[in-house]
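In what follows, a single structure is set out as structure tokens and then discussed.
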Amino acid sequence: MSILIDPLEAQRGRWAGLTSTMDITDTEEFGEDVRQLGASHSCAPLQQWDETLTNSSRDFDITGVQRMIGEFPAAIDQLRSWGHG
-4 MSILIDPLEA
6 QRGRWAGLTS
16 TMDITDTEEF
26 GEDVRQLGAS
36 HSCAPLQQWD
46 ETLTNSSRDF
56 DITGVQRMIG
66 EFPAAIDQLR
76 SWGHG
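Heads up: the sequence shown begins at -4 in the working numbering, then just goes up one per residue.
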């Protein structure tokens, strides 16, 4: 379980900073790091989360970016309930 969940949990501090700054560059880097984690563990839901975040960012859809960043903790919880790790 912890193989995927622990690295995601380690990103919570970074995530918390993004929720207050919404810096586009930092957000895109965060999304890419999450995508890579998803890819390395064959976790399609994480890769989809990043794709939606990236598309929102590139389209300057601030509401979409805020929504996806806000969903990060729930995404971790969902993966945990599915037994990903």
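Even glycine gets a Cβ: it sits at the ideal position worked out from N, Cα and C.
- In summary, D45 is buried, with 16 or more beta-carbon neighbours lying within 10 Å of its beta-carbon over all protein chains present.
- Of the candidates L(-1), Q6, Q31, S76, the residue whose Cα lies closest to the Cα of F67 is Q6.
- A distance below 9 Å separates the beta carbons of L13 and I64.
- Taking 8 Å as the upper bound for CB-CB distance, H36 and I(-2) are in contact here, some 7 Å apart.
- Nearest in C-alpha terms to E4, of all of S15, T16, D28, E23, is D28.
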